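Asks: Numbering (numbering that gives the first Met the number 0), first residue to last: 0 to 678.
Using N, Cα and C, we set each Cβ at its ideal position, and we do this for glycine too.
All values derive from a computational prediction rather than experimental measurement.
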Amino acid sequence: MIAYMLKNTPMLVIVGIGVIVAAGIGLLSSRQAADERSAAQVEAADTGAETDASSANADANTDTSSADASADRQDAAIEVATSSEFMTVRALQQAVIPEHDPTDVAIRLGLLEGELEPPPENPPPLAVGARETFWVSNSETDEDFQIEATLQVVGEHIYLWVQDGQTVPQEQLEALAQGFDTRVYQQVRDLWGEEPSPGIDGDPRIHGLFSRGLGSFIGAYYAGRHVLPSAVLPRSNEREMFFFNIDNVAGAPTFILEGIMAHEFQHMIRDNIQGNQETWLDEGFSDFTQLILGYDRQGSSIAFLAKPDTQLNSWTEEGSRAPDYGGSLMFLTYLHDRFGLEAVQAISNHDLLGMQAVDAVVREFGNTDANTVFADWLIANFILDPDVGDGLYGYQSLDQGLPSAIPTDEISTYPFNQLETVNQYAADYYVVSNLGDAEMLDIRIDMPEMTQLIPTDAFSGDFMWYSNRGDGSDMRLTRAFDLTDVESATLHYQAWYRIENLWDYAYVMVSADDGATWEILEAPHTTTDNPHGNAYGPGYSGQSETWLAESISLDDYAGQEILVRFELISDDAVNQPGIAIDDVAIPEIDYFNDFESTDDDGWQAEGWVRIDNVLPQQAWVQAVQLANGDVLPTRWLAPNETAWTLPLADHVSQVILIVSPFAPVTTVPMDYALSVDAQ
């Protein structure tokens, strides 16, 4: 669930995607992990903010003596090694992550009784005054409950409902419906595509429900489960709809609510056209939608610039997500300003997901690569001036008054030595000043050459099977076993997991009919807790902290040929690293595999990857000289090099050092030591 989270809000002003500011206080968005496809969640945060980077040699550096040389710098941009010698990288590149299909899962698990009924054909429109019962969610208390509501407004493209006993001004509801019909509906469709229409209820209109009790910080959310039949998900309302929390949006200007609907409508469309897009891009598309349609939502940008160590291609599970929203918005806006709207739409339409889609598109539109664009973007987030560097270092579409990214430290005494940790696809900024008569800057970084995909080692040896990670996804690892000659059998395995707690689940399943139907097995460390209705049965969720030795009786299947499956099913928003399996054994049939052999041994992987858990760790180290209004960037790739001498330009006032690691998929941060000396 994505929801607008509000607190102490006497007055609401829209200033940033996923951000609402009340009376000058930043109320910052916080993503709720959920099977509810989306929302816009804003929590009060102390940001202190006001409302109002193609290819050459990997060991080359690029140095521009003036902003006018930026095009030449691009032509000489550093090629980032694809590291094909890393088997885990190859495995990740080749893996195709299946999208979660709840109907298919329900059929496989025997949860459906009879055939699914098709949507009604051409039902008559609902009339004002109609009353219905709806499921709503409070993600703060982990509760779903039902309320009664009455239809108050019928628009051309939307129905607006209000919970019985509650009041929303009728004139505001009518204005909101008109705004959605005229300024949101077709405009968002023109940007991204179409929602399910006429949809599960057979009615082309979508639904908006105003209700109370959705959580003290929740302003609004879009719930993806409701586009599915209740036979598949019993808590489905069987409507395409989103929800407003009266407790927190009462008194909000219609313009704010209209912008929120644009944000949530993108999620509805995304759910229909690309249900397992990575959350950071999905949220970025929604935030960008509001921006491009004129709903100025830039407050989250301030939150991101205040916390530039926020990983771009990930999403925070707990705490404020305002910096996550801001990073996604700023990155997509940067791509828009540099490559055009068609490039952003090409990312939206691409078969690849996440950063792979970005890389494919910027290669097509800009003859560059995603990691180089990422490096340019980091400079832009400090310089924030579209008039320098041929427009590479600023934004045309964002407020020109945004503050620069807040530095990790200011360096004014030498030598400077510091130990730091920084997230992947994030940045630490250092402002180097007090240079006096110095003619050069000596810079050194000590960092690892490799990192882990997940924060553990294989239980034994070097290799293990790993589920991969994704949103709205269903990753499966399956193997056949012959138990026909035994009267008893036990499945043993080692499991490590870090899974979004009580939203995503991993299962152990068995099929005795060649995969037609499956049964979920209970293991010592699986849970039956299911507060959000996401679980299909006992599963792994949360964190194991360490490897766990698991044993499951297969006695019920003795004498049969069976399929054993490890399956991770994630909801639509927020994911953690996932689950890893090692040392699988069924002693009664003399089966044991520690996965050290390159032979797949009959295991069929759908999204899962056999890994050694080793990724190449790379980092951009950039030095941006500020001299008499010129912006003079120099860029190096570590660990190809780890020490450099930078000649200082005349009249240099400051040098901005930027350290930004990048490795695919992982959220394991990078430790490094930085040394700087002025000579």
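1) Look up Asp445 in the DSSP assignment and say whether it is helix, strand or coil.
2) Which class does Leu479 belong to by DSSP, given the choice of helix, strand or coil?
3) Determine the direct distance from the alpha carbon of Leu647 to that of His335, and round the result to whole angstroms.
4) Residue ranges of each beta strand (DSSP E) run of no fewer than 3 residues wholly in the segment 610-676, ordered along the chain?
5) To the nearest angstrom, how far is it from the Cα of Arg609 to the Cα of Met463?
6) Do the segment 611-626 and the segment 367-384 make contact, defined as three or more Cβ pairs closer than 8 Å?
7) Does the contact criterion of 3 or more C-beta pairs under 8 Å hold for the segment 428-435 versus the segment 662-670?
8) Quick check: the segment 500-519 against the segment 529-543, are at least 3 beta-carbon pairs closer than 8 Å?
9) Could you tell me whether the segment 109-120 touches the segment 134-148, using the rule of 3 or more Cβ pairs below 8 Å?
10) On the premise that Leu292 lies in contact with Ala261, defined as a C-beta separation below 8 Å, what is that separation, rounded to the nearest angstrom?
11) Is it true that the segment 320-332 meets the segment 278-287, where meeting means three or more beta-carbon pairs spaced less than 8 Å apart?
12) On the DSSP bridge list, what partners appear for Gln542?
13) Which residue's Cα is closest to the Cα of Leu290: Gly258, Asn312, Ala305 and Trp495?
14) So, are the CB atoms of Asn271 and Glu194 less than 7 Å apart?
15) So the alpha helix (DSSP H) Thr132 belongs to, where does it begin and stop?
16) Under 8 Å, with one C-beta from each stretch per pair, do the segment 511-522 and the segment 101-109 reach the 3-pair mark?
17) Among Arg234, Arg89, Ile217 and Val153, which residue has its Cα nearest to the Cα of Asn529?
18) Thinking C-alpha only, which one of Pro385, Phe338, Ala356 and Ala345 is nearest Gly365?
19) Let me know the secondary structure DSSP gives Pro571 once reduced to three states.
20) Is the segment 540-557 close to the segment 247-258, with three or more CB pairs under 8 Å?
21) Compute the beta-carbon to beta-carbon distance between Ala584 and Tyr556, rounded to the nearest angstrom, for a pair I have assumed lies under 8 Å.
22) Who are the Cβ neighbours of Asp427 in its own chain at under 7 Å, not counting the five residues just before and after it?
23) In this structure, does DSSP put Glu549 in helix, strand or coil?
24) Answer yes if the segment 387-402 comes into contact with the segment 647-656, meaning at least three C-beta pairs across the two stretches below 8 Å, and no otherwise.
25) One question on the structure: do Thr455 and Arg564 come within less than 7 Å of each other, judged by their Cβ atoms?
26) Among Met669, Thr132 and Met508, whose alpha-carbon lies nearest the alpha-carbon of Leu614?
27) According to DSSP, what are the bridge partners of Gly606?
28) Whole-angstrom Cβ separation of Ser466 and Trp314, contact assumed at under 8 Å?
29) Count the CB pairs spanning the segment 214-234 and the segment 295-310 that are closer than 8 Å, and state whether there are at least three.
30) Please list, in chain order, all residues of the same chain as Ala642 whose beta carbon is under 6 Å from its beta carbon, the five residues on each side excluded.
31) Throw me the rounded Cβ distance for the Asn275 and His99 pair, which I believe falls under 8 Å.
32) Quick one: measure Cβ to Cβ for Leu482 and Ile580, integer angstroms, because I've assumed they're closer than 8 Å.
33) Out of Asn627, Leu673, Thr87 and Trp635, state which residue places its alpha-carbon closest to the alpha-carbon of Val387.
34) Please classify His702 as buried or exposed, where buried requires at least 16 other C-beta atoms within 10 Å of its C-beta.
35) In angstroms, rounded to a whole number, what distance separates the CA positions of Gln40 and Phe209?
Replies: With the given structure in hand:
1) Position 446 of the sequence shown, counted from the first residue, corresponds to residue 445. If DSSP states are grouped into helix, strand and coil, Asp445 belongs with the strands.
2) On the sequence shown, position 480 is the one that residue 479 refers to. It should be noted that the sequence gives Ala, not Leu, for residue 479. Correct three-state label for Ala479: strand.
3) For this step, residue 335 is matched to residue 336 along the sequence shown. For this step, residue 647 is matched to residue 648 along the sequence shown. Answer to the nearest angstrom: the Cα atoms are 33 Å apart.
4) 617-626, 629-637, 642-646 and 651-661
5) Stepping through the sequence shown from its first residue, residue 609 is reached at position 610. Stepping through the sequence shown from its first residue, residue 463 is reached at position 464. Between Arg609 and Met463, the C-alpha separation is close to 6 Å.
6) yes
7) no
8) yes
9) no
10) Sequence index remark: in the sequence shown, residue 261 carries index 262 (1-based). Sequence index remark: in the sequence shown, residue 292 carries index 293 (1-based). Contact holds; Cβ gap of about 6 Å.
11) yes
12) As a position in the sequence shown, residue 542 is number 543, starting the count at 1. Partner(s): Arg497.
13) The residue labelled residue 290 in the question sits at position 291 within the sequence shown. It is Gly258 whose Cα lies nearest to the Cα of Leu290.
14) Translated into positions along the sequence shown, residue 271 becomes position 272. Translated into positions along the sequence shown, residue 194 becomes position 195. The answer is yes: Cβ separation under 7 Å.
15) Translated into positions along the sequence shown, residue 132 becomes position 133. That residue, Thr132, is in no alpha helix (DSSP H); its beta strand (DSSP E) goes Arg130 to Asn137.
16) yes
17) In the sequence shown, the residue the question calls residue 529 occupies position 530. Selected option, being the one with the closest Cα: Arg234.
18) Position 366 of the sequence shown, counted from the first residue, corresponds to residue 365. Per the Cα distances, Phe338.
19) Taking the sequence shown and counting its residues from 1, the one referred to as residue 571 is at position 572. It is worth fixing the name first, because residue 571 is Asp in this sequence and not Pro. DSSP places Asp571 in coil when its eight states are reduced to three.
20) no
21) Taking the sequence shown and counting its residues from 1, one reaches residue 584 at position 585. Taking the sequence shown and counting its residues from 1, one reaches residue 556 at position 557. Between Tyr556 and Ala584 the Cβ distance is about 16 Å, and since that is not below 8 Å, they are no contact.
22) Start at 1 with the first residue of the sequence shown, and residue 427 comes out as number 428. Hits under 7 Å: Asp308, Thr407, Glu419, Val421 and Val658.
23) On the sequence shown, residue 549 is found 550 positions in, with the first residue counted as 1. Three-state DSSP puts Glu549 in a strand.
24) no
25) For the purposes of this step, residue 455 is taken as the residue at position 456 of the sequence shown. For the purposes of this step, residue 564 is taken as the residue at position 565 of the sequence shown. No, the Cβ-Cβ distance between Thr455 and Arg564 is not below 7 Å.
26) Start at 1 with the first residue of the sequence shown, and residue 614 comes out as number 615. Among Met669, Thr132 and Met508, the Cα nearest to that of Leu614 belongs to Met669.
27) Counting from 1 along the sequence shown, the entry for residue 606 is found at position 607. Answer by DSSP bridge pairing, in chain order: Arg475.
28) Here residue 466 corresponds to residue number 467 of the sequence shown, with the count starting at 1. Here residue 314 corresponds to residue number 315 of the sequence shown, with the count starting at 1. Their Cβ separation, rounded to whole angstroms, is 18 Å, which puts Ser466 and Trp314 out of contact at 8 Å.
29) no
30) Indexing the sequence shown from 1 puts residue 642 at position 643. Closer than 6 Å at Cβ, skipping near neighbours: Arg443.
31) Position 276 of the sequence shown, counted from the start, is the residue given in the question as residue 275. Position 100 of the sequence shown, counted from the start, is the residue given in the question as residue 99. Indeed they touch by this definition, with Cβ atoms about 7 Å apart.
32) By 1-based counting over the sequence shown, the position of residue 482 is 483. By 1-based counting over the sequence shown, the position of residue 580 is 581. Incorrect: roughly 20 Å between the Cβ atoms, too far for contact.
33) Taking the sequence shown and counting its residues from 1, one reaches residue 387 at position 388. Among Asn627, Leu673, Thr87 and Trp635, the Cα nearest to that of Val387 belongs to Asn627.
34) This structure leaves residue 702 out entirely; the chain is present only between 0 and 678.
35) Residue 40 sits at position 41 when you count from the first residue of the sequence shown. Residue 209 sits at position 210 when you count from the first residue of the sequence shown. Confidence in Gln40 is poor, its pLDDT being 32 and thus under 50, which makes the residue's placement too unreliable to answer from.
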